[in-house]
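J.:
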Amino acid sequence: DTGVSQDPRHKITKRGQNVTFRCDPISEHNRLYWYRQTLGQGPEFLTYFQNEAQLEKSRLLSDRFSAERPKGSFSTLEIQRTEQGDSAMYLCASSLGQGGENTEAFFGQGTRLTVV
Amino acid sequence: SQQGEEDPQALSIQEGENATMNCSYKTSINNLQWYRQNSGRGLVHLILIRSNEREKHSGRLRVTLDTSKKSSSLLITASRAADTASYFCATVDGYSSASKIIFGSGTRLSIRP
Numbered sequence: 013d014t015g016v017s018q019d020p021r022h023k024i025t026k027r028g029q030n031v032t033f034r035c036d037p038i039s040e041h042n043r044l045y046w047y048r049q050t051l052g053q054g055p056e057f058l059t060y061f062q063n064e065a066q067l068e069k070s071r072l073l074s075d076r077f078s079a080e081r082p083k084g085s086f087s088t089l090e091i092q093r094t095e096q097g098d099s100a101m102y103l104c105a106s107s108l109g110q111g112g113e114n115t116e117a118f119f120g121q122g123t124r125l126t127v128v
Numbered sequence: 019s020q021q022g023e024e025d026p027q028a029l030s031i032q033e034g035e036n037a038t039m040n041c042s043y044k045t046s047i048n049n050l051q052w053y054r055q056n057s058g059r060g061l062v063h064l065i066l067i068r069s070n071e072r073e074k075h076s077g078r079l080r081v082t083l084d085t086s087k088k089s090s091s092l093l094i095t096a097s098r099a100a101d102t103a104s105y106f107c108a109t110v111d112g113y114s115s116a117s118k119i120i121f122g123s124g125t126r127l128s129i130r131p
């Protein structure tokens with residue numbers, strides 16, 4: 013399978029625990045995005061990478077969120093000290109882009125986080 | 019942050035009719051993209067239109083772009099039950115050297131059999 017894969021698909025955690033999600037992009041894609049989506053809303057931008065460099069992080073994102081993309085391949089998104097408000101679908105996408113150009117983004121199936 | 023705003027928020031039509039969704043955005047763009055999302059699934063790219071293009075077709079889809087009004091529309095002709103989904107516009111801004119993709123709030127389309 014050459015699509016974007018995310019792991020796990022579902023995660024239930026207790027409030028205060030740390031969680032980590034993984035995203036494997038399409039191998040030749042240099043850009044990788046993380047989004048958060050709640051019911052009835054569009055994907056909310058969290059952060060994105062070009063190769064291993066994190067280019068931007070949403071100002072809405074608290075310091076409890078951190079993302080990495082070592083070696084410009086897979087990426088991890090960690091949420092520390094989870095809160096009930098973190099419950100959402102976390103989506104990863106990858107694309108091929110150069111400069112201001114950006115092609116279509118390919119999305120994974122998402123990780124649904126439930127904080128209880 | 020979300021730049022695009024789709025209109026209407028929800029649309030219900032009879033199978034076979036055409037569906038039109040609109041998107042308005044705020045800043046200068048490099049390109050605008052439309053995506054579809056079935057319930058509980060990831061998003062699927064439908065079509066990309068560049069800032070110097072005015073209209074683009076793909077199968078039953080027709081997208082227009084009016085950069086002077088900062089708006090785009092997606093037309094689905096001869097709708098089918100399988101078109102039931104949420105549709106999102108997404109913009110890539112025209113200023114940054116490495117631009118992110120920002121999504122709107124979406125239109126939920128229901129096709130009645």
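So the protein sequences, as listed, match chains A and B. As numbered in the numbering used here, residues 13 to 128 make up the first sequence, in order. As numbered in the numbering used here, residues 19 to 131 make up the second sequence, in order. Beta carbons: idealized from backbone N, C-alpha and C, even for Gly.
Give me the DSSP bridge partner(s) of A38 (chain A).
T.: In the sequence as presented, Ala is not what sits at residue 38 (chain A); that position holds Ile. The partner list for I38 (chain A) (beta bridge, DSSP) is empty, contrary to what the question assumes.
J.: Against chain A, does K118 (chain B) count as a neighbour if the rule is that its beta carbon must be under 7 Å from one of theirs?
T.: By this cut-off, K118 (chain B) is an interface position.
J.: I need the DSSP call for A108 (chain B), collapsed to helix, strand or coil.
T.: Of the three classes helix, strand and coil, the one that applies to A108 (chain B) here is strand, per DSSP.
J.: From the DSSP secondary-structure annotation, give me the bridge partner or partners of D98 (chain A).
T.: Note: D98 (chain A) sits in no beta bridge, so no partner.
J.: What number of angstroms, rounded off, separates the C-alpha of L66 (chain B) from the C-alpha of I94 (chain B)?
T.: When rounded, the distance between both Cα atoms is 15 Å.
J.: Using DSSP's beta-bridge definition, name the partner residues of S46 (chain B).
T.: None, per the DSSP bridge assignment.
J.: In chain B, which residues lie less than 9 Å from A117 (chain A) when you measure between Cβ atoms?
T.: Near A117 (chain A) (Cβ distances below 9 Å), the residues of chain B are Q51, Y53, L61, H63, A108, I119.
J.: Name the chain A residues that come within less than 8 Å of L66 (chain B), Cβ to Cβ?
T.: Under the 8 Å cutoff, chain A gives T115, E116.
J.: According to the Cβ coordinates, are T94 (chain A) and V16 (chain A) closer than 7 Å?
T.: Cβ atoms of T94 (chain A) and V16 (chain A): not closer than 7 Å.
J.: Rounding to the nearest angstrom, what Cα-Cα distance links L89 (chain B) and T125 (chain B) in this structure?
T.: The question names Leu, but residue 89 (chain B) is Ser in the sequence shown. The alpha-carbon atoms of S89 (chain B) and T125 (chain B) are separated by roughly 15 Å.
J.: Which value, in whole angstroms, describes the spacing of the CA atoms of S97 (chain B) and P82 (chain A)?
T.: One C-alpha to the other measures close to 44 Å.
J.: Helix, strand or coil for A79 (chain A)? Go by DSSP, reduced to three states.
T.: Three-state DSSP puts A79 (chain A) in a strand.
J.: In this structure, does DSSP put G109 (chain A) in helix, strand or coil?
T.: Reduced to three states, the DSSP call for G109 (chain A) is strand.
J.: Just to confirm my understanding: we take D36 (chain A), look at its own chain, exclude 5 residues before and 5 after, and list those with CB closer than 6 Å. What are they?
T.: Contacts found: S17, F86.
J.: So G122 (chain B) contacts chain A; which residues on that side make the cut at Cβ distance below 8 Å?
T.: The contacting residues are G54.
J.: Indicate whether T109 (chain B) and Y43 (chain B) have their beta-carbon atoms separated by less than 7 Å.
T.: Going by C-beta atoms, T109 (chain B) is nearer than 7 Å to Y43 (chain B).
J.: I'd like the span of the beta strand (DSSP E) that includes R121 (chain B), first residue to last.
T.: Looking at the sequence itself, residue 121 (chain B) is Phe, so the reference to Arg does not match. F121 (chain B) -> beta strand (DSSP E) spans 119-121.
J.: Against chain B, does N97 (chain A) count as a neighbour if the rule is that its beta carbon must be under 7 Å from one of theirs?
T.: The residue you asked about is not Asn; residue 97 (chain A) is Gly in the sequence shown. Not closer than 7 Å to any Cβ of chain B, the Cβ of G97 (chain A) fails to qualify, so no.
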